[in-house]
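A.B. asks:
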Amino acid sequence: MRRAVQSLARFSALVAHQSAASSTSAAAVQAAACVGSRRWFATNSHDIFNTHRHEAHNNWDTEFDFTDANYEKVAEIISRYPTNYKASALIPLLDLAQQQNEGWLSLAAMNRVAKILDMAEIRVYEVATFYTMFNRSKIGKYHVMVCGTTPCMLQGAKGIYKALKDHLGIDYGQTTPDGMFTLGEMECMGACVNAPMIAVADYTKGVEGFSYHYYEDLTPQDVISIVDTLKKGGKPKAGSQHRSKAEPAGAVVDGKWVPSKPGADGMTLTGEPPGPYCRNLDEPAPEQAAAPK
Amino acid sequence: MQRYRGALARLQAVGLQSARGMAAAAQPAPAEDLIEVTVDGQKVSVPKGSNVLQACDAAGKDIPRFCYHQRLSIAGNCRMCLVEVEKSPKPVASCAMPAGPGMVIKTDTPLVKKAREGVMEFLLINHPLDCPICDQGGECDLQDQSMVFGSDRGRFTEVKRAVADKNLGPLVKTVMTRCIHCTRCIRFAKEIAGTDDLGITGRGRDAEVGTYVEKLMTSELSGNVIDLCPVGALTSKPAAFTYRNWELKTTESVDTSDAMGANIRVDTRGMEVIRVVPRLNEDVNQEWISDKARFQYDALRYQRLNVPLVRGEKGLQQASWPEAFAAIARAASKVQGHEMRAVAGRLADAESMVLLKDLMNRLGCGDLRSEAGFADLDADTRSSYVFNSTIAGVDQADAILLVGCNPRLEAPVLNARIRAANLAGVPVAAVGEQYDLTYPVEHLGANGDALDKLAKNSDYMKRLKGAQRPMVIVGAGVLQRADRDAVLAKVAKLVEKGEVVREGWNGFNVLHDAASRVAALDLGFLPSARARASKAAPKLVYLLGADDYSEADVPPTAFVVYQGHHGDRGAARADVVLPATAYTEKYGTYVNFEGRPQSTKPAVASVGDARDDWKIVRALSEVLGAPLPYNSLDDARRRLADVAPHLARRDAVEAPLWLAGEQWKAAGDRKAAADAAPLASAIANFYQTDAISRASKVMAKCVRARQNPIPGLHAASVGN
Ligand code: SF4
Ligand code: FES
Ligand code: FES
Numbered sequence: 018m019r020r021a022v023q024s025l026a027r028f029s030a031l032v033a034h035q036s037a038a039s040s041t042s043a044a045a046v047q048a049a050a051c052v053g054s055r056r057w058f059a060t061n062s063h064d065i066f067n068t069h070r071h072e073a074h075n076n077w078d079t080e081f082d083f084t085d086a087n088y089e090k091v092a093e094i095i096s097r098y099p100t101n102y103k104a105s106a107l108i109p110l111l112d113l114a115q116q117q118n119e120g121w122l123s124l125a126a127m128n129r130v131a132k133i134l135d136m137a138e139i140r141v142y143e144v145a146t147f148y149t150m151f152n153r154s155k156i157g158k159y160h161v162m163v164c165g166t167t168p169c170m171l172q173g174a175k176g177i178y179k180a181l182k183d184h185l186g187i188d189y190g191q192t193t194p195d196g197m198f199t200l201g202e203m204e205c206m207g208a209c210v211n212a213p214m215i216a217v218a219d220y221t222k223g224v225e226g227f228s229y230h231y232y233e234d235l236t237p238q239d240v241i242s243i244v245d246t247l248k249k250g251g252k253p254k255a256g257s258q259h260r261s262k263a264e265p266a267g268a269v270v271d272g273k274w275v276p277s278k279p280g281a282d283g284m285t286l287t288g289e290p291p292g293p294y295c296r297n298l299d300e301p302a303p304e305q306a307a308a309p310k
Numbered sequence: 003m004q005r006y007r008g009a010l011a012r013l014q015a016v017g018l019q020s021a022r023g024m025a026a027a028a029q030p031a032p033a034e035d036l037i038e039v040t041v042d043g044q045k046v047s048v049p050k051g052s053n054v055l056q057a058c059d060a061a062g063k064d065i066p067r068f069c070y071h072q073r074l075s076i077a078g079n080c081r082m083c084l085v086e087v088e089k090s091p092k093p094v095a096s097c098a099m100p101a102g103p104g105m106v107i108k109t110d111t112p113l114v115k116k117a118r119e120g121v122m123e124f125l126l127i128n129h130p131l132d133c134p135i136c137d138q139g140g141e142c143d144l145q146d147q148s149m150v151f152g153s154d155r156g157r158f159t160e161v162k163r164a165v166a167d168k169n170l171g172p173l174v175k176t177v178m179t180r181c182i183h184c185t186r187c188i189r190f191a192k193e194i195a196g197t198d199d200l201g202i203t204g205r206g207r208d209a210e211v212g213t214y215v216e217k218l219m220t221s222e223l224s225g226n227v228i229d230l231c232p233v234g235a236l237t238s239k240p241a242a243f244t245y246r247n248w249e250l251k252t253t254e255s256v257d258t259s260d261a262m263g264a265n266i267r268v269d270t271r272g273m274e275v276i277r278v279v280p281r282l283n284e285d286v287n288q289e290w291i292s293d294k295a296r297f298q299y300d301a302l303r304y305q306r307l308n309v310p311l312v313r314g315e316k317g318l319q320q321a322s323w324p325e326a327f328a329a330i331a332r333a334a335s336k337v338q339g340h341e342m343r344a345v346a347g348r349l350a351d352a353e354s355m356v357l358l359k360d361l362m363n364r365l366g367c368g369d370l371r372s373e374a375g376f377a378d379l380d381a382d383t384r385s386s387y388v389f390n391s392t393i394a395g396v397d398q399a400d401a402i403l404l405v406g407c408n409p410r411l412e413a414p415v416l417n418a419r420i421r422a423a424n425l426a427g428v429p430v431a432a433v434g435e436q437y438d439l440t441y442p443v444e445h446l447g448a449n450g451d452a453l454d455k456l457a458k459n460s461d462y463m464k465r466l467k468g469a470q471r472p473m474v475i476v477g478a479g480v481l482q483r484a485d486r487d488a489v490l491a492k493v494a495k496l497v498e499k500g501e502v503v504r505e506g507w508n509g510f511n512v513l514h515d516a517a518s519r520v521a522a523l524d525l526g527f528l529p530s531a532r533a534r535a536s537k538a539a540p541k542l543v544y545l546l547g548a549d550d551y552s553e554a555d556v557p558p559t560a561f562v563v564y565q566g567h568h569g570d571r572g573a574a575r576a577d578v579v580l581p582a583t584a585y586t587e588k589y590g591t592y593v594n595f596e597g598r599p600q601s602t603k604p605a606v607a608s609v610g611d612a613r614d615d616w617k618i619v620r621a622l623s624e625v626l627g628a629p630l631p632y633n634s635l636d637d638a639r640r641r642l643a644d645v646a647p648h649l650a651r652r653d654a655v656e657a658p659l660w661l662a663g664e665q666w667k668a669a670g671d672r673k674a675a676a677d678a679a680p681l682a683s684a685i686a687n688f689y690q691t692d693a694i695s696r697a698s699k700v701m702a703k704c705v706r707a708r709q710n711p712i713p714g715l716h717a718a719s720v721g722n
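So the sequences go chain by chain: H and L. One rule links them: number in the numbering used here = place in the first sequence (from 1) + 17. One rule links them: number in the numbering used here = place in the second sequence (from 1) + 2.
The structure is reproduced here in structure tokens:
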């Protein structure tokens with residue numbers, strides 16, 4: 018039943034998308050993207066379709082070319098691979114193009130990469146559609162991606178999602194009307210130890226200033242302050258919000274940071290961990306001999 | 003065991019070892035290159051480099067498969083071909099596993115059955131159960147194999163996915179929900195057709211096969227993906243919903259849409275041709291045919307000449323055969339034999355040409371010519387106008403030079419073979435206009451001067467000389483030029499200097515573009531010396547299916563008889579029209595550009611009052627008072643064999659004698675100057691080359707589609 022409902026939702030999204038595509042104003046596209054219920058995505062990516070549909074800002078007449086500075090980067094990237102395996106540079110080049118193109122790959126961008134690497138265009142489309150970190154439709158300045166895999170889920174990813182949704186007024190796949198934020202869901206980013214977490218791709222500063230930061234150990238208040246700081250042009254603290262690394266300092270429980278027992282540095286929530294012990298990276302390495310038995 | 007060797011050598015040659023096609027097929031693998039494996043307790047020897055699936059095939063064990071195809075690279079993604087190999091913990095995909103010496107393979111164990119059943123269950127998860135409305139139904143690999151490995155119920159209770167259909171143009175219909183992602187079509191487009199347009203986008207359950215951006219499949223071979231697709235995802239658009247395959251009667255015939263003589267199977271129901279599919283012939287078309295050969299059949303219903311017509315006051319009027327003949331006799335009685343002319347069209351069969359030649363000669367007429375405008379071609383030496391290396395010879399060539407030809411349009415299947423050679427490392431160079439041939443071509447110049455330059459100790463000349471088996475392919479467009487002799491003399495010099503013809507190898511080739519041409523030249527359907535010298539305009543012109551005649555060949559005052567099957571330019575000009583049968587309705591000998599005589603066979607009855615071409619000529623000879631002594635097809639064919647003995651050896655190529663370039667000397671003596679126009683192909687529009695394809699609506703749609711192959715692409719951004 019749920020599946021059927023989702024299919025319906027996907028269908029209506031499709032219709033909305035198509036009517037948006039036929040209208041020429043970018044604002045209408047934006048608006049259409051914001052209405053409607055949750056979209057169905059192609060394999061958890063920002064895009065709904067695995068085929069191209071012409072849009073006012075993405076069609077055969079759209080242009081894309083790397084800047085001179087980025088062409089130098091392109092040359093450097095290509096030089097990393099043997100000349101007869103030029104196509105190996107595909108993923109880094111697509112990434113570069115995406116950063117330059119404000120976070121998404123237009124048809125023109127993919128075609129440009131194909132041209133540079135002497136590849137058939139379809140081979141580039143195949144790769145760009147396979148990897149969900151390539152966005153093929155227009156995106157906000159900050160791509161906020163909530164991890165939705167098991168450890169983060171157990172530690173409260175749903176609350177993070179809800180906080181963002183309510184605060185920004187958008188659902189997954191949608192962009193705020195001011196074009197600042199696009200919300201997305203993603204799979205495990207390997208930061209489970211500091212779950213729950215989000216990743217934010219910052220496309221405001223082009224290739225030079227591009228950043229892709231993790232924000233970990235999040236409570237709903239944390240995410241709200243993170244996006245608010247971003248909105249004001251500030252730089253929220255990256256990494257864990259409540260500890261320095263991944264040391265056993267506490268955990269997010271029910272949307273709140275709960276430190277481990279005070280004073281018990283080097284302790285887990287339930288008591289002293291059995292050895293072997295983690296080294297505290299902030300301090301000089303203790304003598305091996307000093308370690309308790 | 004021995005029995006399988008040939009087949010295996012063949013498989014190996016096309017599959018694993020090389021993309022070179024059938025070159026190695028002729029030589030069986032030497033014993034030391036064989037390995038022995040055991041399949042279900044039976045020992046078989048297979049060539050080194052075979053895979054397990056080929057070994058099983060050699061043992062006569064049928065391995066189910068979807069993605070494996072002997073002419074495509076191995077993908078190993080459908081997993082249907084699982085077998086058990088001793089010492090391997092899991093079932094292995096036999097197509098992707100090289101056979102090793104002493105391997106013990108089991109194909110009929112319960113484990114294998116269970117594994118394949120599992121694969122089948124997965125394949126069917128997202129496959130719609132729409133066999134009753136699917137055109138592939140009845141000849142579908144998935145359907146057949148689900149009879150063996152399928153379950154009678156499904157365990158999948160979720161919603162099946164659906165995939166948007168793709169628009170690949172007017173020929174290939176897609177129902178992408180049926181696709182099982184075997185990637186055969188993708189590999190065909192990439193490897194054989196050379197138009198890298200198809201791919202898989204997305205991943206997981208959202209993966210779909212398509213072009214990503216809507217665009218046409220811009221290949222002249224695109225129809226072959228219909229045969230390759232193991233399910234009903236890719237089917238014929240023109241024939242959609244018109245037949246069920248078990249209703250069809252099949253006839254093995256030969257294609258006449260180009261000069262290659264591709265082997266085809268004509269499938270009919272009642273009076274109608276329903277589809278045309280390729281037949282395997284390793285020496286000619288392997289298993290591909292061009293889109294024109296496959297899809298022009300709808301024209302057999304349109305524009306047909308089904309009754310004799312005689313021009314009266316109100317234009318062409320319906321008449322009976324005797325009336326039509328009487329009209330011709332009346333006209334013929336007013337002219338002398340030497341005031342007549344006969345022109346053979348692109349689709350004329352050898353029988354009718356030889357009979358028409360005899361008839362004309364009996365009437366005292368020596369002015370016979372092909373429509374292409376090479377009335378003064380010197381066809382005394384057969385090796386100067388055929389494809390001497392043979393089509394299969396392309397596989398052995400190690401340097402190819404194209405002179406004024408565009409094989410992609412003139413013979414797309416040959417082009418695929420040249421492409422395969424090129425992929426295997428054979429350099430292709432060209433003199434003449436530049437064409438996109440789907441593979442890189444080194445362009446050495448545009449016109450005759452470039453040939454001169456080449457012959458003068460150029461760098462390329464050295465390479466040509468250094469090659470073991472060089473090939474020079476001269477396009478039909480060159481033969482049609484006014485300065486043909488001069489150009490051919492230059493080519494001759496090149497051939498001589500480059501030692502293109504050497505012991506055991508004749509690398510000089512002419513690529514004709516019309517089915518009738520080689521037979522016409524073989525039979526000497528050429529003007530006599532006297533007719534050549536004569537400047538007088540003919541008063542009676544007999545067009546044997548000729549629609550592309552030059553205006554000069556048919557003077558405006560002449561009385562014109564047109565014998566043919568489609569109302570086209572010739573019939574419109576004619577004073578008397580004699581309705582004849584098309585290639586699907588008659589026995590007719592066609593000689594392909596290698597000089598291989600093959601015969602079409604009647605698949606359907608002739609339309610209306612139409613008659614076989616040779617019979618019409620025979621009957622007419624009676625009326626004109628010069629009766630021909632041929633009363634049956636056999637008589638006509640015996641006459642063929644008299645005039646050109648090699649035409650009696652059906653389906654085989656008789657290597658013509660090479661006269662060490664003597665014949666060129668004559669051409670060179672004529673000293674015509676070559677003009678500077680680039681050497682161009684005679685064909686610009688692949689889809690409409692003769693009366694049949696011009697009458698085809700499907701071909702017309704293709705032409706229109708090609709004008710705009712990428713919808714939404716503005717001219718300004720093409721070079722982006
Ligand atoms: S369309 Fe047919 S040939 Fe192509 S991948 Fe799908 S099933 Fe295979
Ligand atoms: S589960 Fe969220 S980072 Fe691993
Ligand atoms: S035939 Fe072997 S995996 Fe498809």
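A virtual CB, placed ideally from N, CA and C, is assigned to each residue, including glycine.
I believe H/I139 touches L/G201 by the beta-carbon criterion, under 8 Å. Please report the beta-carbon distance rounded to the nearest angstrom.
C.D. replies: The sequence position of residue 139 of chain H within the first sequence is 122, counting from 1. The sequence position of residue 201 of chain L within the second sequence is 199, counting from 1. Rounded to the nearest angstrom, the Cβ distance from H/I139 to L/G201 is 4 Å, consistent with a contact under 8 Å.
A.B. asks: Kindly list, in the order they appear in chain H, the residues whose Cβ is closer than 8 Å to that of L/L200.
C.D. replies: Stepping through the second sequence from its first residue, residue 200 of chain L is reached at position 198. When 8 Å is used as the limit between beta carbons, L/L200 is near these residues of chain H: I139, in chain order.
A.B. asks: Does H/Y159 come within less than 7 Å of chain L when only Cβ atoms are used?
C.D. replies: For the purposes of this step, residue 159 of chain H is taken as the residue at position 142 of the first sequence. Residue-level contact check: H/Y159 does not touch chain L, since none of the beta carbons of chain L fall below 7 Å from its beta carbon.
A.B. asks: Just the Cα atoms here: how many angstroms apart are L/N247 and H/N76?
C.D. replies: Mapped onto the second sequence, residue 247 of chain L falls at position 245. Mapped onto the first sequence, residue 76 of chain H falls at position 59. Approximately 42 Å between the Cα atoms of the pair.
A.B. asks: Compile a chain-ordered list of the residues in the region 200-232 of chain L whose CB is closer than 7 Å to at least one CB of chain H.
C.D. replies: L200, G201, I202, T203, G204, R205, G206, D208, E210, G212, T213, Y214, V215
A.B. asks: Assess contact between the region 460-471 of chain L and the region 500-520 of chain L, defined as three or more Cβ pairs (one per stretch) separated by less than 8 Å. Is contact present?
C.D. replies: yes
A.B. asks: Who are the near neighbours of L/L282 in its chain, counting only those whose CB is closer than 8 Å to its CB and skipping five residues on each side?
C.D. replies: Residue 282 of chain L sits at position 280 when you count from the first residue of the second sequence. So the qualifying residues of the chain are N265, Q288, E289.
A.B. asks: My output table needs one value for H/A266: the three-state DSSP class, helix, strand or coil.
C.D. replies: The residue labelled residue 266 of chain H in the question sits at position 249 within the first sequence. Coil.
A.B. asks: For L/L236, verify whether its CB is less than 6 Å away from any heavy atom of ligand 1.
C.D. replies: Here residue 236 of chain L is taken as the residue at index 234 of the second sequence, counted from 1. Answer for L/L236: yes, Cβ within range of ligand 1.
A.B. asks: Does DSSP classify L/T252 as helix, strand or coil?
C.D. replies: The count along the second sequence starts at 1 and reaches residue 252 of chain L at position 250. DSSP places L/T252 in strand when its eight states are reduced to three.
A.B. asks: Scan the region 104-130 of chain H for residues whose Cβ lies nearer than 7 Å to a Cβ of chain L and list them as they occur along the chain.
C.D. replies: L124, A125, N128
A.B. asks: Please return the same chain residues whose Cβ sits closer than 6 Å to the Cβ of H/F81, not counting the five positions on each side in sequence.
C.D. replies: The residue you call residue 81 of chain H lines up with position 64 of the first sequence. Hits under 6 Å: S123, A125, A126, R129.
A.B. asks: Please list, in chain order, the chain L residues whose beta carbon lies closer than 7 Å to that of H/E143.
C.D. replies: The count along the first sequence starts at 1 and reaches residue 143 of chain H at position 126. In chain order: G201, I202, T203.
A.B. asks: For H/H160, count the other beta carbons within 10 Å of its own beta carbon; 16 or more makes it buried, fewer makes it exposed. Which is it?
C.D. replies: The residue labelled residue 160 of chain H in the question sits at position 143 within the first sequence. H/H160 is buried by the Cβ-count criterion.
A.B. asks: Under 8 Å: do the region 100-119 of chain H and the region 143-154 of chain H share three or more Cβ pairs, one atom per stretch?
C.D. replies: yes
A.B. asks: Take L/K168 as the anchor and find which of L/D199, L/V345, L/F243 has the nearest alpha-carbon.
C.D. replies: Position 166 of the second sequence, counted from the first residue, corresponds to residue 168 of chain L. Out of L/D199, L/V345, L/F243, L/D199 has the C-alpha closest to the C-alpha of L/K168.
A.B. asks: Alpha carbons only, please: which of L/A684, L/Q600, L/E210, L/Y585 is nearest the one belonging to L/A286?
C.D. replies: One-based indexing of the second sequence puts residue 286 of chain L at position 284. Here the sequence assigns Val to residue 286 of chain L, which means Ala is not the residue at that position. The shortest Cα separation from L/V286 among L/A684, L/Q600, L/E210, L/Y585 belongs to L/Q600.
A.B. asks: Give a single yes or no on whether L/I182 has its beta carbon closer than 6 Å to a heavy atom of ligand 1.
C.D. replies: As a position in the second sequence, residue 182 of chain L is number 180, starting the count at 1. Correct: L/I182 has its Cβ closer than 6 Å to ligand 1.
A.B. asks: Count the other CB atoms within 10 Å of the CB of L/A301; is the residue buried (16 or more) or exposed (fewer)?
C.D. replies: Taking the second sequence and counting its residues from 1, one reaches residue 301 of chain L at position 299. That one is buried.
A.B. asks: Is the beta carbon of L/A295 less than 7 Å from the beta carbon of L/D269?
C.D. replies: Counting from 1 along the second sequence, the entry for residue 295 of chain L is found at position 293. Counting from 1 along the second sequence, the entry for residue 269 of chain L is found at position 267. For L/A295 and L/D269, no; Cβs fall outside 7 Å.
A.B. asks: In terms of residues, what are the limits of the beta strand (DSSP E) holding L/P130?
C.D. replies: For the purposes of this step, residue 130 of chain L is taken as residue 128 along the second sequence, with counting starting at 1. Taken as a continuous stretch (DSSP letters only), L/P130 belongs to no beta strand (DSSP E), as it is neither H nor E.
A.B. asks: Could you tell me the alpha carbon to alpha carbon distance between L/P280 and L/V428, rounded to whole angstroms?
C.D. replies: One-based indexing of the second sequence puts residue 280 of chain L at position 278. One-based indexing of the second sequence puts residue 428 of chain L at position 426. One C-alpha to the other measures close to 27 Å.
A.B. asks: Alpha carbon to alpha carbon, how far is L/D524 from L/N390?
C.D. replies: For this step, residue 524 of chain L is matched to residue 522 along the second sequence. For this step, residue 390 of chain L is matched to residue 388 along the second sequence. L/D524 and L/N390: Cα-Cα distance of roughly 14 Å.
A.B. asks: By the three-class DSSP mapping on this structure, what secondary structure does H/N101 have?
C.D. replies: Position 84 of the first sequence holds residue 101 of chain H. Of the three classes helix, strand and coil, the one that applies to H/N101 here is helix, per DSSP.
A.B. asks: Where does H/M203 land, buried or exposed, given buried means 16+ other C-beta within 10 angstroms?
C.D. replies: Against the first sequence, residue 203 of chain H aligns to sequence position 186. So H/M203 ends up on the buried side.
A.B. asks: Measuring straight from C-alpha to C-alpha, what distance separates L/C142 and L/N79?
C.D. replies: Numbered from its first residue, the second sequence carries residue 142 of chain L at position 140. Numbered from its first residue, the second sequence carries residue 79 of chain L at position 77. Approximately 18 Å between the Cα atoms of the pair.
A.B. asks: Say yes only if the C-beta of L/C58 is nearer than 6 Å to one or more non-hydrogen atoms of ligand 1, and no if none qualify.
C.D. replies: For the purposes of this step, residue 58 of chain L is taken as the residue at position 56 of the second sequence. No; taking the cut-off as 6 Å, the Cβ of L/C58 has no heavy atom of ligand 1 nearer than that.
A.B. asks: Less than 8 Å between the CB atoms is what I'm expecting for L/V337 and L/D555, so what's the real figure, rounded?
C.D. replies: Your numbering for residue 337 of chain L matches position 335 in the second sequence. Your numbering for residue 555 of chain L matches position 553 in the second sequence. At roughly 16 Å, the Cβ-Cβ gap does not stay under 8 Å, so L/V337 and L/D555 are not in contact.
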